[in-house]
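Written below as structure tokens is the structure these notes are about.
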Amino acid sequence: MDTLKVELGTRSYPILIGAGLLAHAEAVRRHVPGRDLLVVSDTTVAPLYLPALAASLPEQRRLEVILPEGEMHKTLENAARVLDVLVSNRFGRDATVLALGGGVVGDLAGFVAACYQRGVALVQVPTTLLAQVDSAVGGKTAVNHPGGKNLIGAFHQPVAVLADTATLATLPPRELRAGLAEVIKYALLCDAALFEWLEAHLEELLAAKPEALAHVVRRSCELKAMIVGRDEREERGDRALLNLGHTFGHAVESATGYRKWLHGEAVAAGLVMAAAMSRELGLVSPEELVRVHTLIERAGLPTRGAGVGPDAVLEHMRIDKKVLGGRLRLVLLRRIGNAFLTGDYSGEALERTLAVYCG
Ligand code: NAD
Ligand code: GLY
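All the letters of the sequence shown, read from the start, carry residue numbers 212 to 570 under this note's numbering.
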């Protein structure tokens with residue numbers, strides 16, 4: 212088992228990574244504090260993993276809320292349902308909320324933990340690749356609003372992240388590939404050696420080989436912990452780099468009403484577009500653009516927009532959270548393993564990129 216640390220002063224916390232971690236009672240008990248515990252999970256994950264987790268939990272009052280699975284249930288109404296359970300059972304400020312599931316459960320349970328009595332302890336037990344490499348670490352919590360994704364949220368760091376990589380064995384292949392898009396993102400933005408490793412080991416990852424998955428979970432968590440440690444609230448620019456591919460990807464997702472692609476699939480197409488625009492600007496080399504394209508294609512992920520025209524994508528990009536002073540800032544690449552945030556680029560380069568990759 213590996214233990215990493217997110218260094219945030221008094222809010223520092225460990226990330227435990229290991230196959231079979233849920234059955235490791237001593238490790239689980241050490242990291243689940245509080246007198247009372249509320250487990251939040253979903254209808255797919257709970258039958259698979261709640262029994263093993265429950266057997267490892269400390270002796271304490273434990274209640275469970277099992278939500279229907281899926282992004283459409285990451286709502287304020289479901290958060291209120293979970294809050295009602297905490298209130299009606301008189302959970303105190305020493306209670307712990309534990310999220311067992313993917314990013315949907317993690318974001319919603321995290322938001323509840325941030326709000327209840329102005330903040331109670333949160334333990335993240337991520338069970339998708341996306342959640343293990345990204346969403347469970349870093350303290351961003353949120354629910355969706357009909358007006359937009361993740362519009363209602365808070366920063367609330369967990370007290371521990373327990374990532375049992377054995378849970379990835381039951382993940383549908385499409386979900387695994389979507390998680391890989393986020394791993395490719397880390398490699399592109401700050402770790403050229405990881406990119407080379409992915410080129411060499413992609414087939415092992417697609418076959419869900421445990422050692423290969425454990426390697427990318429560990430490395431991704433190391434990178435995310437480092438970035439969050441430097442810029443917890445996305446105020447200094449470091450954390451904004453984690454949005455590489457996301458401005459393009461979000462625009463495609465929202466232009467298609469979030470129905471066509473999983474988030475990671477949209478991010479994959481967005482990574483290709485960010486690399487292509489960086490090429491347009493004379494930054495990454497033609498060979499590097501081919502490598503990005505090839506890796507994403509080999510991962511079975513999309514490399515271009517979802518049939519939405521360039522004008523529609525551009526319109527959705529303009530309402531992105533990274534618009535500052537009317538200027539849309541983009542995360543671009545100097546080369547593989549080196550990303551930067553900038554509002555200083557030619558509009559024609561953006562338009563040419565969208566014309567090639569969208570529609
Ligand atoms: P998800 O939670 O919907 O999980 C995907 C599907 O896999 C669901 O059907 C789930 O029931 C199922 N599942 C989960 N674990 C499983 C397992 N081990 N075996 C079989 N099935 C399993 O989706 P996700 O991709 O994990 O997360 C997406 C969410 O994460 C989005 O809402 C996104 O906004 C959020 N997100 C948050 C952050 C952050 O920093 N907080 C970062 C990235 C994404
Ligand atoms: N997933 C982006 C972030 O955590 O900042």
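Built from N, CA and C at the ideal position, the CB exists for glycine as well.
Is there a Cβ of chain C sitting closer than 8 Å to that of residue i, yes or no?
i	result
residue 258	Looking for chain C here will not work: only one protein chain is present.
Residue i: which of the options sits nearest, CA to CA?
i	options	result
residue 369	307, 328, 264 and 407	307
residue 295	413, 311, 314 and 275	275
residue 219	519, 424, 348 and 428	348
residue 448	558, 561, 222 and 554	554
residue 338	318, 358, 313 and 332	313
residue 552	457, 559, 483 and 463	457
residue 418	354, 385, 459 and 468	385
residue 538	468, 546, 288 and 528	528
residue 288	396, 453, 319 and 360	319
residue 282	464, 562, 540 and 482	464
residue 273	441, 309, 363 and 357	309
residue 436	265, 254, 345 and 229	345
residue 387	280, 483 and 421	421
residue 277	252, 269 and 446	252
residue 548	397, 429 and 530	397
residue 245	255, 269 and 469	269
residue 574	212, 478 and 530	Since the first residue of the chain shown is 212 and the last is 570, residue 574 is not available in this structure.
residue 357	469, 409, 279 and 540	469
residue 364	326, 222, 408 and 460	326
residue 359	462, 351, 280 and 497	462
residue 212	545, 498, 496 and 377	377
residue 467	381, 503 and 570	570
residue 582	489, 558 and 256	Missing from the structure shown is residue 582; the chain here goes from 212 to 570 and no further.
residue 653	254, 530 and 265	The structure shown does not extend to residue 653, since the chain is modelled only from 212 through 570, so no value can be given for it.
residue 408	222, 221, 502 and 540	502
residue 223	350, 541, 536 and 545	350
Assuming residue i and residue j form a contact by the criterion Cβ under 8 Å, report the distance between their Cβ atoms to the nearest whole angstrom.
i	j	result
residue 238	residue 263	About 13 Å; that fails the 8 Å criterion.
residue 379	residue 340	6 Å
residue 565	residue 525	6 Å
residue 311	residue 250	6 Å
residue 371	residue 225	6 Å
residue 336	residue 373	5 Å
residue 432	residue 215	5 Å
residue 480	residue 515	6 Å
Anyone know if the C-beta pair for residue i and residue j falls short of 8 Å?
i	j	result
residue 506	residue 413	yes
residue 512	residue 543	no
residue 317	residue 353	no
residue 285	residue 315	yes
residue 439	residue 217	yes
residue 450	residue 366	no
residue 399	residue 406	yes
residue 476	residue 389	yes
residue 248	residue 271	yes
residue 487	residue 568	yes
residue 195	residue 301	Outside the shown range of the chain (212 to 570) lies residue 195, about which nothing can therefore be said.
residue 242	residue 227	yes
residue 482	residue 411	no
residue 442	residue 231	no
residue 455	residue 485	yes
residue 240	residue 267	yes
residue 491	residue 430	no
residue 550	residue 401	yes
Does the beta carbon of residue i fall short of 7 Å from some heavy atom of the ligand COA?
i	result
residue 349	Among the ligands in the structure shown, the ligand COA does not appear; only the ligand NAD and the ligand GLY can be found there.
Just list the alpha helix (DSSP H) runs in the region 284-320, keeping only unbroken ones of 4 residues or longer that don't cross its boundaries, in chain order. Whole alpha helix (DSSP H) segments, 4+ residues: 287-299.
My parser needs the alpha helix (DSSP H) runs of 4 or more residues fully inside the region 477-553; what are they? The region 477-553 contains these whole alpha helix (DSSP H) runs: 497-509 and 521-528.
Could you tell me whether the region 514-523 touches the region 421-431, using the rule of 3 or more Cβ pairs below 8 Å? Judged by Cβ distances under 8 Å, the region 514-523 makes no contact with the region 421-431, as fewer than three pairs qualify.
Any beta strand (DSSP E) of 3 or more consecutive residues that is wholly inside the region 312-392: With a minimum length of 3 residues, the continuous beta strand (DSSP E) runs that stay inside the region 312-392 are 332-337, 351-356, 359-366 and 371-375.
Secondary structure, alpha helix (DSSP H): runs of 4+ residues fully inside the region 385-444: Counting only runs of 4 or more residues that sit fully inside the region 385-444, the alpha helix (DSSP H) segments are 403-417 and 421-441, in chain order.
Could you tell me which whole beta strand (DSSP E) segments of length 3 or greater appear in the region 216-248? Scanning the region 216-248 for uninterrupted beta strand (DSSP E) segments of 3 residues or longer gives 224-229, listed from N- to C-terminal end.
Which full runs of the alpha helix (DSSP H) of 4+ residues lie inside the region 249-279, going along the chain? Scanning the region 249-279 from its first residue to its last, the whole alpha helix (DSSP H) runs of 4-plus residues come out as 256-267.
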